[in-house]
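Notes follow the structure.
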Amino acid sequence: MAGNLEFIKSASGTSVSEFSVTDCFSDKYDVYKIYVSDYKQSHTVYPYLRFINSSGVDSSSNYDYAGLQLWANTTFGQNKNTNQNAMYDVLGYSNANEPQGGITFDIFNPFDSSSYTFMKCQSATNSYQPAVGVKSIGVQKVAQQVTGFALGFLGGYTWTNITANVFGVK
Amino acid sequence: MAGSLIKIDEEIVTSAVATVELGGTNWDSSYDVYMVKLNDLLADSTSAGIRYRFLASSSPDTSANYDYAQYRLQAQSAFDTTGQTNKTEVNFTGTIMGTTNASVNGIIYLFNSNNPSEYSFATNEISAFYYGQSVAGYQGGAVLTVAQATNGIQFFMTSGNIASGTFTLYGLAK
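First to last, the sequence lines map onto chains A and B. Take the first sequence: its letter number 36 is residue 36 in the working numbering, and every next letter is one higher. Take the second sequence: its letter number 106 is residue 1106 in the working numbering, and every next letter is one higher.
What follows is the structure in structure tokens.
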């Protein structure tokens, strides 16, 4: 019997500030699961998430997000904001150039031009605190057709290497 | 190779309905764990919330035996928690829905459904839009404290109807 979690594409990058995965969303699925399981970053900092539309990476100030940072040895932290040009602090905080854990996020309604695009994320990363992870949600408050996503950094920081796998939930 | 996420049932709502049920006579008891996908759910009135109950023998179990605990992430207000015991339904969204763009999206996992000697459990991760505000979502879980088999889930609104959206039930094959 065929399954309903279908592999769409894998993408990799090295020494890139903004890692874009293009043309992975279509009218074939309404929900997507994305797994980032092999990555290192040049600096100890949070990456951001942006969506890609027909004009490229969308950095308009329409992103709202809320994230809970789970730390093993101190009080959990919170990050939230509205009307930002990306979803910051929602993917997990990682040490520079150390092997990382994993990030998984779900994207809802990206290709529906009449709906906002939503996401939810869970991650487990290797940071200066032991066993840190993030649970987060976000929305881009634009009813538009989203075809891909980008993971990047401010300040010229880069992904040393990164691989993302995209699946559709049919 | 066969896939491991198998679609069992789906309801696509395009005109207002009071309830949506997944499973029931369409239930497939072959699985230990089930996944429910909620996509782009909208209400026909504002400031409403969506709730769920389990199905037992294909009928919603309305007994006051639901316990749940939720942690709410939200972009525009402080995060908060809610927990209840002995309720007749599970609150997994708060009262947030609207008629346009203020949709509910998320994933619910169901556990122990087919075991008549165990309680039925669920976890939920929701990314929704608090009507007139911003993104918000409950992360949590629930249990029906009745040792019985369950065979599905029913969704309904706190007021008004479900206007649109897609509800899909999957089994996770071993």
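Just so you know, even glycine gets a beta-carbon here, dropped at the ideal spot from N, CA and C. The model shown is predicted, which means the values in this text are computed figures rather than measured ones.
Open item on the list: Residues of chain A with CB closer than 7 Å to the CB of residue 1075(B), please, in chain order.
Closed with: Near residue 1075(B) (Cβ distances below 7 Å), the residues of chain A are 64, 65, 66, 80, 81, 82.
Task: Within chain B, partners of residue 136(A) - CB distance below 8 Å - done: Within 8 Å Cβ-Cβ: 1073.
TODO: Please check the pair residue 134(A) and residue 90(A), which I expect to be a contact at CB under 8 Å, by giving their CB distance rounded to whole angstroms.
DONE: Sure, about 6 Å apart at Cβ, within 8 Å.
Open item on the list: Counting only beta-carbon separations shorter than 7 Å, does residue 153(A) have a partner in chain B?
Closed with: Not flagged as an interface residue toward chain B: residue 153(A), since no C-beta distance is shorter than 7 Å.
Open item on the list: Just to check my reading of the structure: residue 40(A) and residue 97(A) have Cβ atoms closer than 8 Å, yes? What is that Cβ distance to the nearest angstrom?
Closed with: Going by Cβ atoms, the distance from residue 40(A) to residue 97(A) rounds to 5 Å, so yes, they are a contact pair.
Task: chain A contacts made by the stretch 1094 to 1117 of chain B, where a contact means CB separation under 8 Å - done: Residues 1101, 1103, 1105, 1106, 1107.
Task: Runs of alpha helix (DSSP H) lying entirely within the stretch 22 to 98 of chain A, each at least 4 residues, in chain order - done: List check, alpha helix (DSSP H) in window: nothing returned.
TODO: Count the other CB atoms, across all protein chains shown, that sit within 10 Å of the CB of residue 1083(B); report buried if there are 16 or more and exposed otherwise.
DONE: Exposed is the call here.
Task: Selection of the stretch 16 to 36 of chain A by Cβ proximity to chain B, strictly under 8 Å - done: Those residues of the stretch 16 to 36 of chain A that come within reach of chain B (Cβ to Cβ, closer than 8 Å) are 30, 31.
Task: Interface partners of residue 115(A) on chain B, CB under 8 Å - done: Those within 8 Å of residue 115(A) in chain B are 1040, 1101, 1103.
Open item on the list: Just to confirm, is the Cβ distance from residue 170(A) to residue 62(A) under 7 Å?
Closed with: In this structure, residue 170(A) lies away from residue 62(A), with their beta-carbon atoms at least 7 Å apart.
TODO: Would you list, in chain order, the members of the stretch 1139 to 1170 of chain B that have their beta-carbon closer than 9 Å to a beta-carbon of chain A?
DONE: Hits within the stretch, in order: 1139, 1166, 1168, 1170.
Open item on the list: Measuring only the C-alpha atoms, how far is residue 1063(B) from residue 1163(B)?
Closed with: When rounded, the distance between both Cα atoms is 26 Å.
- [ ] Would you mind listing the beta strand (DSSP E) stretches within the stretch 1070 to 1120 of chain B that are 3+ residues and don't spill past its ends, in chain order?
- [x] Listed in chain order, they are 1080 to 1087, 1104 to 1111.
Open item on the list: For chain B, check one thing: does any of its Cβ atoms lie closer than 7 Å to the Cβ of residue 85(A)?
Closed with: Among the CB atoms of chain B, none fall inside 7 Å of the CB of residue 85(A).
Task: Chain-ordered residues of the stretch 1119 to 1130 of chain B with a beta carbon less than 8 Å from chain A - done: If the cut-off is 8 Å between Cβ atoms, the stretch 1119 to 1130 of chain B has 1125, 1126, 1127, 1128, 1129 near chain A.
- [ ] Could you name the residues of chain B that residue 106(A) contacts, counting a contact when the two beta carbons are closer than 7 Å?
- [x] Ordered by position in chain B, the residues that pass the 7 Å Cβ test against residue 106(A) are 1107.
Open item on the list: Once DSSP output is grouped into helix, strand and coil, what is the label at residue 1026(B)?
Closed with: Look at residue 1026(B) here: in three-state DSSP terms it is helix.
Task: Nearest residue (CA-CA) to residue 149(A), options 15(A), 26(A), 6(A), 14(A) - done: When only C-alpha atoms are compared, the closest one is 26(A).
TODO: Check each candidate in 49(A), 38(A), 143(A) and name the one with the smallest Cα separation from residue 113(A).
DONE: Of the candidates 49(A), 38(A), 143(A), the one whose C-alpha sits nearest the C-alpha of residue 113(A) is 143(A).
Open item on the list: Just to confirm, is the Cβ distance from residue 145(A) to residue 117(A) under 7 Å?
Closed with: Contact: no.
Open item on the list: Ignoring anything shorter than 3 residues, give me the beta strand (DSSP E) runs that lie fully in the stretch 92 to 158 of chain A, in order along the chain.
Closed with: Correct list: 102 to 108, 117 to 125, 132 to 140, 148 to 152.
Task: Contact belief for residue 1050(B) with residue 106(A) at Cβ below 8 Å, rounded distance in angstroms - done: The pair is not a contact, with the Cβ atoms about 18 Å apart (cut-off 8 Å).
Task: Residues that DSSP places opposite residue 1139(B) in a beta bridge - done: Answer is 1071(B), 1125(B).
Task: Neighbourhood of residue 37(A) by C-beta distance below 6 Å, restricted to the same chain and skipping five residues each side - done: Hits under 6 Å: 102.
- [ ] Flag residue 1005(B) as yes if its beta-carbon sits less than 7 Å from any beta-carbon of chain A, otherwise no.
- [x] At least one chain A Cβ lies under 7 Å of residue 1005(B).
Task: For residue 73(A), the nearest candidate out of 154(A), 122(A), 132(A) (CA to CA) - done: Of the candidates 154(A), 122(A), 132(A), 132(A) places its Cα closest to the Cα of residue 73(A).
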